[in-house]
Structures are given as structure tokens and as C-alpha cells.
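Trainee:
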Amino acid sequence: MASVMVDQHAAAHYAGVSASAIRRWAAEGLIGKEGVGRGQVRYDALDIEPAVRCELTDEVLERGRPVARELVAA
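Counting along the sequence shown from 1, when you hit position 55 you're at 55 in UniProt numbering, and nothing is skipped either side.
See below:
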């Protein structure tokens, strides 16, 4: 399956959550990650639902969540 690997800040903006939430999801195995070390880790954006944002203000209306990998593979 294809991956779209992004850094923690891009993943956090995409999901509308904090960077620490992205790191926690990866540590719990909810989203894929590659690499080790500061600034070298990339997260799979396809494992994350995008946040719902206001078109005018870009305010997060609904945060994204990790996507169940079993559902993605089906």
C-alpha cells in the first residue's frame, strides 16, 4: 500500500491536533512512522483523517483521528 510520509508538524496541521498527539498515536501503533531521531521521523498521512476546517477562518471544527489500518487495507 502507498504511503504519504510527512513530518510531525504537517501531520498535526492536517489532523488539527498537536504534534504530541501525532507522536502518541505513532507510539501506540495507530499510525505508521519511519525514521528515528530528532527531525528525522516521518508519519504516514494516509493513516490520519483530515480535520474539518472553516473555509473562511481555517479554524478546526472537527479534529481528525487515526484511521483503522484494517479498514484501509480492505
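Backbone N, C-alpha and C fix where the C-beta goes; we use that ideal spot for every residue, glycine too.
For clarity, every value in this text was computed on a predicted model and none was experimentally measured.
Apply the 10 Å Cβ neighbour rule to Val52 and answer buried if 16 or more other Cβ atoms are within range, or exposed otherwise.
Mentor: Exposed, because fewer than 16 other Cβ atoms sit within 10 Å of the Cβ of Val52.
Trainee: Within 10 Å of its beta-carbon, does Ala11 have 16 or more other beta-carbons around it, so buried, or fewer, so exposed?
Mentor: With 16 or more Cβ atoms within 10 Å of its Cβ, Ala11 is classed as buried.
Trainee: Looking only at its own chain, which residues have a Cβ that is under 7 angstroms from the Cβ of Ser18, when we skip the five neighbours before and after it?
Mentor: Once the five neighbours on either side are set aside, the close Cβ partners of Ser18 are Ala12.
Trainee: Do Asp7 and Gly37 count as a contact pair if the criterion is CB distance below 9 angstroms?
Mentor: Contact: no.
Trainee: With burial defined as no fewer than 16 other Cβ atoms inside 10 Å of the residue's Cβ, what is the status of Asp47: buried or exposed?
Mentor: Buried, because 16 or more other Cβ atoms sit within 10 Å of the Cβ of Asp47.
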